[in-house]
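In full-length UniProt numbering, the protein residues as written are 1 to 205. Glycine residues also receive a C-beta, built at the ideal position from the N, C-alpha and C atoms.
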Amino acid sequence: MTLLSESELQQVAEAIARVERTTDAELVTVLAGQSDDYRYIPLLWASVIALVLPGALLFFTGWLAGWQLLLVQWLTFLVLAVLFRIPRVTSRLIPRSVRHWRACNLARRQFIELNLHHTDDGTGMLIFVSEAERYVEILVDRGISTRIDNSAWESIVETFTAHVRSGRVLEGFIGCIDACGTLLQQHVPATHERNELPNHLVVLP
Numbered sequence: 001m002t003l004l005s006e007s008e009l010q011q012v013a014e015a016i017a018r019v020e021r022t023t024d025a026e027l028v029t030v031l032a033g034q035s036d037d038y039r040y041i042p043l044l045w046a047s048v049i050a051l052v053l054p055g056a057l058l059f060f061t062g063w064l065a066g067w068q069l070l071l072v073q074w075l076t077f078l079v080l081a082v083l084f085r086i087p088r089v090t091s092r093l094i095p096r097s098v099r100h101w102r103a104c105n106l107a108r109r110q111f112i113e114l115n116l117h118h119t120d121d122g123t124g125m126l127i128f129v130s131e132a133e134r135y136v137e138i139l140v141d142r143g144i145s146t147r148i149d150n151s152a153w154e155s156i157v158e159t160f161t162a163h164v165r166s167g168r169v170l171e172g173f174i175g176c177i178d179a180c181g182t183l184l185q186q187h188v189p190a191t192h193e194r195n196e197l198p199n200h201l202v203v204l205p
């Protein structure tokens, strides 16, 4: 995980403050190191392989029988369960669809937990990043979604995702916040001073 320094966190907070001076949107940013620990994934793969591989050897070669088959299955499971717990190995075992599903769920939980759905006029906005999953999503409440089509955020998300993949998380955040600010200033301009939610970047482990 790419940890942001205190000065980098301050840069994100300042970027949010700049945007909120020109729009009624309440912008919150969240950076998650990982959306799930995926503890079940290594055990699932180890179980499947331990069941299938020794059985295949028995079927095609006849080398295993009775207690030997059971012993090989247990040994295979134990070895693979340990091997698959290595982070680099685990990450390759998790389908992209599963990673994005978990990140998507966490983004929506954060939107609720941070009370972005309770802002005046429904102008809450979340920029969510899950670094391990290389996942970026922008969620907005009804006060913004009725004025800006969701497709408008797609190119911003794509650019930010590219930055996350290359490890340039801070650059991605600043660029994303500024790009969102341009759209918000046009469609959700400031009508009065407000600051209902914190401007700092929320960092999750």
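Q.
So, at 7 Å on beta carbons, what are the nonlocal neighbours of T161 in its own chain, with the 5 sequence-adjacent residues on each side left out?
A. R134 and V136
Q. P189 bridges to which residues according to DSSP?
A. T23
Q.
Nearest by alpha-carbon distance to V98: which of V48, L204, D37 and Q185 is it?
A. D37
Q) Between T119 and the rest of its own chain, which residues show a CB-CB distance below 8 Å, the 5 nearest in sequence each way excluded? A) E26, D141, G143, E196 and L197
Q: Going by DSSP, name the residue or residues bridged to E137.
A: F128
Q. Based on Cα-Cα distance, which residue from V72, A17 and V30 lies nearest to S47?
A. V72
**Q.** Beta-bridge pairing of L204 - partner residues as DSSP gives them
**A.** A32
Q. Can you list, in chain order, the residues of its chain whose CB lies under 7 Å from that of T76, leaving out five sequence neighbours each side?
A. I49, A50, L53 and P54
Q) Among S35, P189 and E14, which residue has its Cα nearest to the Cα of V28? A) E14
Q: Put D37 into one of helix, strand or coil per three-state DSSP.
A: coil
**Q.** Pick from R165, S166, D178 and L170 that is closest to I156, judged by C-alpha positions
**A.** D178
Q) Apart from the five residues just before and just after S130, which ones in its own chain have a Cβ nearer than 6 Å to its Cβ? A) A32, S35 and A103
Q: Pick out whichever of V202, H187, A81 and L201 has its Cα sitting closest to the Cα of D23.
A: According to the sequence provided, residue 23 is Thr. The question's Asp does not apply to it. Comparing Cα-Cα distances from T23 to each of V202, H187, A81 and L201, the minimum goes to H187.
Q: Quick one: residues in its chain with C-beta nearer than 8 Å to the C-beta of M1, no 5 flanking neighbours on either side, listed in chain order?
A: Note that M1 scores 48 on pLDDT, short of 50, meaning its location in the model is unreliable and no value can be drawn from it.
Q: Measuring alpha carbon to alpha carbon, tell me which of L43, L70 and G167 ends up nearest A81.
A: L43
Q: Count the other CB atoms, across all protein chains shown, that sit within 10 Å of the CB of T123; report buried if there are 16 or more and exposed otherwise.
A: buried
Q: Would you mind giving the Cβ-Cβ distance between F173 and V12, rounded to the nearest angstrom? I have them listed as a contact below 8 Å.
A: 5 Å
Q: Within the same chain, show all residues whose beta-carbon is closer than 8 Å to that of L170, passing over the 5 residues directly before and after it, in chain order.
A: L4, E8, Q11 and V12
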